[in-house]
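Input: a single structure, listed below in structure tokens.
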């Protein structure tokens, strides 16, 4: 997509009469490497990213509750329609740029965000997994989800680059995407089973009360993204400590904010990496995470986790997830410090490999969040988690890159030390989450919490 954006704004800069013609042929990308074009592209990409996340954040609460009431499949179908419309906007831009300009390029992410953006879609996928798995198997299942994303990160650029080199037409990639979306709609409609029992939908008592509201206040509550976080303070876990849910949400945000520092920019400055080394870095990082989530995580689960409905074994399973989370943040801390202190390229590369182990935090966070709420609240809590993840990504792009930009001339590696400091805070915070048992009397009047496993 970056090449597509570059070509569009390059053509606009030169006011080319050929632009991207009806066949979608691209002019050589080397013609667009001048600083003036790169500056415009960088600004445009930043705006497009904001437009991609913005609408999704405002509609996340509504779609999260909708998935609990109407099922997960409806969210997937809406998302597929949104992505189809987004790709059509790109096709229109590529074929008729001389007529429509770049309007549809900025309209596409808005449409995508309104029709279930990436944030809500990710939450719905994780909610589907939570519906179909037991607590003991959930961490591995979330790990496989992350592994599939990493596999796409490994193979997607290669496949797209191959098609582009053979056809020299960006439109081919868009048509392939449209075909995949159509197949996905057919699959979700006729093949994929619904994970929510629509005869007994997962609607909490609080949601029943909210559904009775009407008027402007009810409409605003659906669009108020702050209301998305209400579940983090409303829900009370019977398996984890009292403050577990807000703490886990904070950890989700912190991980997203500090796990992607400006590694490539720093490597280009200190070790003179080129686009080749950058491409290798992306592929190797994705492959490492793929191996960790597809092989290492299931192995650790098989060796150390107990699968049983016995309350003590449930506590051990939760403790296993918690220790994976703590180890993940510890590894993140060490690898960030290692990056900042590295004086050789070899040491820096090893620190990147070690950083990959921190991916263990992602499936365990998702598993613990779903364990901390009732089944009727899984969709809401995963939506809140996804919104926090989006905020974390935005902070990473603006905060970490802003720090690097301000210190690159004097102390470029300070950003790694700052991120490591935040990782230490997150690690300490993770120890305030621990398993508990709930004992309810026969009338359900009182609930006493006792620690299952002492820290």
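Residue numbers (the working numbering): 25 to 479. Ideal placement from N, C-alpha and C gives every residue a C-beta, glycine not left out. These figures come from a predicted structure and were not determined experimentally.
### Message
Which complete alpha helix (DSSP H) runs does the region 149-192 hold, if anything under 4 residues is left out?
### Response
Those alpha helix (DSSP H) runs which fall completely within the region 149-192 and span 4+ residues are 159-191.
### Task
Specify the secondary structure class of residue 358 as computed by DSSP and reduced to three states.
Here residue 358 sits in helix by DSSP.
### Task
For residue 194, count neighbouring C-beta atoms within 10 Å of its own C-beta (all shown protein chains included) and say buried if the count is 16 or more, exposed if not.
By the Cβ neighbour-count rule, residue 194 is buried, with 16 or more other Cβ atoms within 10 Å of its own.
### Message
Cutting at 6 Å between CB atoms, please list the residues of its own chain near residue 480, excluding the five before and the five after it.
### Response
Here the chain covers residues 25 to 479 and nothing more, so residue 480 does not appear.
#### Entry: Cα-Cα separation between residue 459 and residue 129, rounded to whole angstroms
Distance between the alpha carbons of residue 459 and residue 129 is about 48 Å.
### Query
For residue 457, which three-state DSSP category applies?
In the structure shown, the three-state DSSP call for residue 457 is coil.
### Message
Measuring straight from C-alpha to C-alpha, what distance separates residue 31 and residue 310?
### Response
Answer to the nearest angstrom: the Cα atoms are 27 Å apart.
### Message
Using only the alpha-carbon positions, how far apart do residue 74 and residue 133 sit?
### Response
One C-alpha to the other measures close to 9 Å.
### Message
Suppose the cutoff is 8 Å on Cβ atoms and the five residues either side in sequence are ignored; what does the same chain contact list for residue 197 look like?
### Response
Result list for residue 197: 184, 187 and 188, in chain order.
#### Entry: Proximity winner among 293, 164 and 304, relative to residue 434 (alpha-carbon distances)
Closest option to residue 434, Cα to Cα, is 293.
#### Entry: Extent of the continuous alpha helix (DSSP H) to which residue 200 belongs
Counting along the chain, the alpha helix (DSSP H) containing residue 200 begins and ends at 194-214.
#### Entry: Start and end residues, alpha helix (DSSP H) containing residue 367
Where residue 367 is concerned, there is no enclosing alpha helix (DSSP H), because DSSP gives it neither an H nor an E.
### Query
For residue 314, which three-state DSSP category applies?
Helix.
#### Entry: First and last residue of the uninterrupted alpha helix (DSSP H) at residue 117
Counting along the chain, the alpha helix (DSSP H) containing residue 117 begins and ends at 97-119.
### Task
Could you work out which residue in 161, 262 and 97 is closest to residue 215 when comparing CA atoms only?
For residue 215, the nearest C-alpha among the options comes from 97.
### Extent of the continuous alpha helix (DSSP H) to which residue 290 belongs
That run of the alpha helix (DSSP H) goes 287-294.
### Query
So, do the region 414-421 and the region 272-285 have three or more beta carbon pairs nearer to each other than 8 Å?
In this structure the region 414-421 lies against the region 272-285, because at least three pairs of beta carbons, one per stretch, are closer than 8 Å.
### Message
Given this structure, state the Cα-to-Cα distance separating residue 207 from residue 103, to the nearest angstrom.
### Response
A direct Cα-to-Cα measurement between residue 207 and residue 103 gives close to 13 Å.
### Any 3 or more C-beta pairs closer than 8 Å across the region 345-364 and the region 431-449
Because the criterion of three Cβ pairs below 8 Å is met, the region 345-364 and the region 431-449 touch.
### Task
Under the assumption that residue 323 contacts residue 349 (Cβ atoms under 8 Å), give the Cβ distance between them as a whole number of angstroms.
Incorrect: roughly 18 Å between the Cβ atoms, too far for contact.
### Task
Give the secondary structure of residue 269 by DSSP, where H, G and I count as helix, E and B as strand, and everything else as coil.
DSSP places residue 269 in helix when its eight states are reduced to three.
### CB-CB length for residue 33 against residue 68, believed under 8 Å
6 Å between Cβ atoms; contact.
#### Entry: Candidates 369, 87, 259 and 411, of which the one nearest residue 78 by Cα
Of the candidates 369, 87, 259 and 411, 411 places its Cα closest to the Cα of residue 78.
### Query
Going along the chain, which residues of its own chain have a beta-carbon closer than 8 Å to the beta-carbon of residue 95, five neighbours each way excluded?
If we look at residue 95 and ignore the five residues flanking it on each side, its Cβ neighbours are 218, 219, 220, 222 and 225.
### Message
For residue 164, count the other beta carbons within 10 Å of its own beta carbon; 16 or more makes it buried, fewer makes it exposed. Which is it?
### Response
It counts as buried.
### Task
From the DSSP output, read off the bridge partner residues of residue 264.
Note: residue 264 sits in a beta bridge opposite 459.
### Message
For residue 173 and residue 80, what's the separation of their Cα atoms in angstroms?
### Response
The alpha-carbon atoms of residue 173 and residue 80 are separated by roughly 20 Å.
### Query
When the Cα atoms are used, what is the spatial distance from residue 263 to residue 105?
Approximately 38 Å, taken between the alpha carbons.
### Query
In the structure shown, what three-state DSSP assignment does residue 401 receive?
Under the three-state reduction of DSSP, residue 401 is assigned to helix.
### Message
Quick check: what's the CA-CA separation for residue 51 versus residue 205?
### Response
Bear in mind that the predicted position of residue 51 carries a pLDDT of just 48, short of 50, making it too unreliable to give a figure here.
### Task
Could you name the residues of the same chain whose beta carbon sits closer than 8 Å to that of residue 256, not counting the 5 residues immediately before and after it, in chain order?
Here the set comprises 269, 270, 273, 405 and 408.
### Query
Taking the Cβ atom as the reference point for each residue, do residue 290 and residue 440 lie within a distance shorter than 9 Å?
Going by C-beta atoms, residue 290 is nearer than 9 Å to residue 440.
### Query
Does DSSP put residue 391 in a helix, a strand or coil?
If DSSP states are grouped into helix, strand and coil, residue 391 belongs with the helices.
### Query
Any idea what DSSP makes of residue 396, helix, strand or coil?
It is coil, neither helix nor strand.
#### Entry: Nearest to residue 203 (by Cα), restricted to the options 267, 111 and 124
Considering only alpha carbons, the answer is 111.
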